[in-house]
Amino acid sequence: MATYAIGDIQGCYSALQRLLDLIQFDDQQDQLWLAGDLVNRGPDSLAVLRFAHRYRHCVTSVLGNHDLHLLAVRYGPHTVKAKDTLDEVLNASDADELLTWLRHQPLLHCEQNWCMSHAGLPPQWSISKAQQLATEVHNCLQSEQSSDFFAVMYGNNPALWHDDLEGLPRIRAIVNYLTRMRFINQLGQLDLTSKEGAGAAPSGFAPWFRYPRQSAGTRLLFGHWAALEGRTDCPDIYALDTGCVWGGQLSALRLDDQQWFRVDAQPT
């Protein structure tokens, strides 16, 4: 029995199947943790969602920004964008079942000494605080307020967390920290415009994982940042997104011994 954490799949179902063959995945014994962004940009988001739903007895997924975008299109006032590859999901006969399942996935999963979210964990937050805030979003997504949130989900403000934030701005801030964060400053303020690698931080900012963190002692798993190419150079912080949808690789980390497994986006 083993637990594997897999980075952003983004509709790359063929690569996922090859990765599962490589690790000899056994759905009766093994567990899969998916770091969010199951869908979009890649060619087969529907097959990925169907896989995750079918194997939900052994799959744990957190929501990524692309997953939330899909939900905002389905349950909010938004429409697909030019580069989206979501039409097949939205028009599927089982769309309601799949998207109801997706909507109930958390933003944060912590188990034993591991914690996974799509974009990481702000260093100013402890594990218990992050769990509390992620639960606030989870509850919002299941409530009648969800359509109001999806209507205002997009936006970069508030860019700095304060405990006294309220209402939908508070929910949007939590979502941005857990699904879109890359660079922050010493106060924890987000820069949500820069998407380059760790060495290209804007002035006064640095990658979130370079700061001393309140969650020290817990191993962190995250995706979202393909430009890192799977490297943080920080003990106990593991970058899972290795850019499969951009022609890179799809990666899995076996949590039991921290061994990496990778397949190329296209078979050689």
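Residue numbers (the numbering used here): 954 to 1221. Just so it is clear, CB atoms sit at the ideal spot from N, CA and C, and this is done for glycine as well.
By DSSP's assignment, Glu1064 forms a beta bridge with Trp1067. Only residues of its own chain outside the window of five on either side were considered, and among them Lys1148, Glu1149 and Gly1150 have a CB closer than 7 Å to the CB of Ala1180, listed in chain order. When the Cα atoms are used, Leu1193 and Ser998 turn out to be separated by approximately 19 Å.
Separation of Pro1111 and Arg1215 (C-alpha to C-alpha, rounded to the nearest whole angstrom) is 37 Å. Between the beta-carbon of Leu1206 and that of Ala958 there is about 5 Å, and that keeps the pair under the 8 Å contact cut. The bridge partners DSSP lists for Tyr1028 come to none. Assigned with DSSP and collapsed to three states, Thr956 falls in strand. Inclusion of Leu1118 and Leu1140 in the CB contact set at 8 Å is not warranted, their separation being larger than that value. Among the bridge pairs identified by DSSP, Ser1204 is matched with Arg1215.
Shown here for Asp1020: same chain residues with a beta carbon closer than 7 Å to its own, the five before and five after excluded, namely Gly989, Asp990, Leu991, Val992 and Leu1055 in chain order. Relative to the Cα of Gly1108, the nearest Cα in the group Ala1153, Ser1156, Leu969 and Met1134 belongs to Met1134. Inter-residue distance for Gly1200 and Val1033 is about 23 Å (C-alpha atoms, whole angstroms). Closest in alpha carbon position to Gly1157, among Leu972, His1115, Ile1137 and Gln963, is Ile1137.
Of all C-beta pairs linking the segment 1158 to 1176 to the segment 1079 to 1092, three or more are shorter than 8 Å, placing the two stretches in contact. Here Pro1155 is near Asp1144, since their CB atoms are less than 8 Å apart.
C-alpha of Glu1089 to C-alpha of Ala1005: approximately 24 Å in a straight line.
DSSP, read as helix, strand or coil, puts Pro1075 in coil. For Arg1125, the enclosing alpha helix (DSSP H) has its first and last residue at Gly1120 to Thr1132.
In the three-state DSSP reduction, Asp1186 falls in the coil class, being neither helix nor strand. In the three-state DSSP reduction, Trp1178 falls in the coil class, being neither helix nor strand. Burial of Met1069 is indicated by the presence of at least 16 other C-beta atoms within 10 angstroms of its C-beta. The segment 954 to 1034 is shown to contain whole alpha helix (DSSP H) runs of 4 or more residues at 966 to 975, 998 to 1007 and 1018 to 1028, in chain order. In the structure shown, Ala1192 falls within a strand segment according to DSSP collapsed to helix, strand and coil.
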